Amino acid sequence: MIALLLRDLRLAFRAGGGFGLGLAFFLIVTVLVPFSVGPQSDLLATIAPGVLWLGALLACLLSLDRLLALDWEDGSLDLLATAPLPLEATVSVKALAHWITTGLPLVLAAPVLGVLLNLPGPGFSWLLVSLLLGTPALSVIGTFGAALTVGLKRGGLLLSLLVLPLYVPTLIFGAEVARRGAVGMETSTPLLLLAGITAGAVALLPFASAAVLRVNLR
Amino acid sequence: MTLTVSDLSIARGGLPVLEGLSFVLEPGRALILRGPNGIGKTTLLRTLAGLQPALTGRIEGAEDRIAYAAHSDGIKPTLSVTENLAFWASVFGTRDIAPALDAFALNDLAGRFAGNLSAGQKRRLGLARMLVTGRPIWMLDEPTVSLDRDAVALFADAVRAHLGQGGSALIATHIDLGLEAEVLEVGPYKAAPPPLDDFDGGFL
Numbered sequence: 000m001i002a003l004l005l006r007d008l009r010l011a012f013r014a015g016g017g018f019g020l021g022l023a024f025f026l027i028v029t030v031l032v033p034f035s036v037g038p039q040s041d042l043l044a045t046i047a048p049g050v051l052w053l054g055a056l057l058a059c060l061l062s063l064d065r066l067l068a069l070d071w072e073d074g075s076l077d078l079l080a081t082a083p084l085p086l087e088a089t090v091s092v093k094a095l096a097h098w099i100t101t102g103l104p105l106v107l108a109a110p111v112l113g114v115l116l117n118l119p120g121p122g123f124s125w126l127l128v129s130l131l132l133g134t135p136a137l138s139v140i141g142t143f144g145a146a147l148t149v150g151l152k153r154g155g156l157l158l159s160l161l162v163l164p165l166y167v168p169t170l171i172f173g174a175e176v177a178r179r180g181a182v183g184m185e186t187s188t189p190l191l192l193l194a195g196i197t198a199g200a201v202a203l204l205p206f207a208s209a210a211v212l213r214v215n216l217r
Numbered sequence: 000m001t002l003t004v005s006d007l008s009i010a011r012g013g014l015p016v017l018e019g020l021s022f023v024l025e026p027g028r029a030l031i032l033r034g035p036n037g038i039g040k041t042t043l044l045r046t047l048a049g050l051q052p053a054l055t056g057r058i059e060g061a062e063d064r065i066a067y068a069a070h071s072d073g074i075k076p077t078l079s080v081t082e083n084l085a086f087w088a089s090v091f092g093t094r095d096i097a098p099a100l101d102a103f104a105l106n107d108l109a110g111r112f113a114g115n116l117s118a119g120q121k122r123r124l125g126l127a128r129m130l131v132t133g134r135p136i137w138m139l140d141e142p143t144v145s146l147d148r149d150a151v152a153l154f155a156d157a158v159r160a161h162l163g164q165g166g167s168a169l170i171a172t173h174i175d176l177g178l179e180a181e182v183l184e185v186g187p188y189k190a191a192p193p194p195l196d197d198f199d200g201g202f203l
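Listed in order, the protein sequences are those of chains A and B.
Each residue of the first sequence is one higher than the one before, starting from 0 at the first, in numbering that gives the first Met the number 0.
Each residue of the second sequence is one higher than the one before, starting from 0 at the first, in numbering that gives the first Met the number 0.
What follows is the structure, given as structure tokens:
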């Protein structure tokens, strides 16, 4: 398992691996929002948590179509399926590698980009906490979508259509934590729901991903 | 342990391709699969490797014992030859990749990125992976595609050494490898086409 994780991380950092793509996309989206909204710092402060969450979510989506498709194209996925590693472990490790290369950089960059959107002071820590709790769910759900579309040519668009509705609960509660935190309200209810969604997704979805992958590899 | 296949029927894309196939593969023996294109050799190997279910029949002694080499080699172009092999070695819980590099004359290429290799060199790397799996039953699908004559000889030597250590091999190939192997002609096991009046039934 560790070998697979190290290989995926190494591939991501090598040329053409796509590391930093999501981060750059996130940066550009958050830079463009003030341009389109105009110089109204009050308005920006109001929408900042939502915009940052939406930006992070879309950035996560960018690299999903490569998650399993590359391994499928060069035959590694067939070989991994016949390896001693259970497919559930394989998809979990791949989701973890996706989170480390895409989700974690987004989490760390979000507070910096919050400055651009005039995010109120108390909001920074809550934004960090909510993204840290929510982005693993984005990777795991995305892996499920990638497993569903793995054999399809140009499956990326279909993958987005399948995965975005599944991201809704995470987006609602994640953005709500950040918004409540920014205006100084109590955050424990959405925070617990967000954590619950993530825990459920991490625990259950690898089984679903492995099942659809087995069907897709036939 | 012996691989025993009895009364196996397999399907590709929902259509049966081979039926009533039975054979026994004992340790130290190799079996060559022959048959025209599209007869179902690849489907048979994929079924035995556990990638797809059989329609009917039994496969005994295959579970977690098969090293499978498909048409594509599963090589990552941005990893070096050594990194590619070492990855598969640790996935299969073995450590030593030096014998595999030696057996397929990859030592001079060890530090190169796999993306820069020629088609034949990539294939050699793909076949070297079989050695690091440490599994007793090799299943090879057209292993000699894009290999030159010397590399085919290297491959035949590697198979012979594997058989000598009590392993076995099931090889789908069209060329003569110079191995002492039984030949299984799969053509006679071709499945009967489904009856035509089933055609409408599929839409009802």
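Positions of the beta carbon are idealized from the N, C-alpha and C atoms, including for glycine.
Bear in mind the structure is a predicted one, so any value in this text is a computation, not a measurement.
On the three-state DSSP scale, how would you describe B:Ser145?
Assignment of B:Ser145 by DSSP, reduced to helix, strand and coil, places it in the coil class.
Grab me the residues of B:Ala48's own chain with a C-beta within less than 7 Å of its C-beta, minus the 5 sequence neighbours each way, in chain order.
Cβ neighbours of B:Ala48 beyond the five flanking positions: Ile65, Tyr67, Met138.
Closest to B:Phe154 by C-alpha separation, out of B:Ala61, B:Ala104, B:Val131, would be which residue?
B:Ala104
Residues in its own chain within less than 6 Å of A:Ala209 by CB, not counting five upstream and five downstream?
Leu86, Glu87, Val90
Residue burial classification, A:Asp7 (beta-carbon count within 10 angstroms, cutoff 16):
buried
What does B:Asp140 pair with, by DSSP beta-bridge criteria?
B:Ala171
What three-state label does DSSP hand B:Ala66 in the structure shown?
strand
Mind checking which residues open and close the beta strand (DSSP E) that includes B:Pro15?
That run of the beta strand (DSSP E) goes 14 to 24.
In chain order, what residues of the same chain lie with their CB nearer than 6 Å to the CB of B:Ser167, ignoring the 5 residues before and after it?
Same-chain partners within the cutoff: Leu24, Pro26, Arg28, Ile136.
To the nearest whole angstrom, what separates the beta carbons of B:Ala61 and B:Ala102, a pair I think is in contact under 8 Å?
24 Å between Cβ atoms; not a contact.
Let me see if you follow: with CB-CB separation under 9 Å, is B:Asp72 close to chain A or not?
yes
Quick check: is the beta carbon of B:Ala171 nearer than 9 Å to any beta carbon in chain A?
No, B:Ala171 does not count as interfacial toward chain A.
Endpoints, the alpha helix (DSSP H) within which A:Asp64 is located
64 to 72
In chain order, which continuous runs of the alpha helix (DSSP H) of length 4 or greater are located wholly inside the segment 21 to 86 of chain A?
40 to 61, 64 to 72, 75 to 80
Would a check of beta-carbon distances place B:Ile65 closer than 9 Å to chain A?
yes
Report yes if the C-beta distance between A:Leu116 and A:Ala55 is below 9 Å; otherwise report no.
no
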